[in-house]
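Residue numbers (this note's numbering): 11 to 123. Comments concern the structure below.
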């Protein structure tokens, strides 16, 4: 149905894919080439970077892959173009969630940006 050999779906890994966002196209393509469904985590990527990463995946695989985009529950006004990702996280990600992410990152030795 999905054109994959194995029922394995990679979650969009965002900046924790090993080398940060730079590793995502490689990881997604590797999963797709191995018979699963590779997925590119697109949340927080500027449009030009997203296009570039999709092109990179297409360059190294002809297998199916997905793009993971997190959508907010309600869509209000767009944030100012000069707002930092850290500030966006403060505004839109609940603190208990960030506390959990930071705890898991510390426990498993994952560096957060």
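All C-beta atoms in this analysis are idealised placements derived from N, C-alpha and C, irrespective of residue type, glycine included. Keep in mind that this is a model prediction, so the values were computed, not measured.
When DSSP states are grouped into helix, strand and coil, residue 47 belongs to the strand group.
Beta-bridge annotation (DSSP): residue 78 is paired with 51. The C-beta of residue 108 has fewer than 16 other C-beta atoms within 10 Å across all chains shown, which makes the residue exposed. Following the DSSP letters along the chain, one finds residue 120 in no alpha helix (DSSP H), marked with neither H nor E. Put simply, the backbone Cα of residue 19 is about 21 Å away from that of residue 55. Taken through DSSP and simplified to helix, strand or coil, residue 37 comes out as helix. Close CB contacts of residue 121 within its chain, under the 8 Å cut and outside five residues either way in sequence, are with 115 (chain order).
Within a 10 Å sphere around the beta-carbon of residue 41 sit 16 or more other beta-carbons, which makes this residue buried.
In this structure residue 47 is buried. Its beta-carbon is surrounded by 16 or more other beta-carbon atoms within 10 angstroms.
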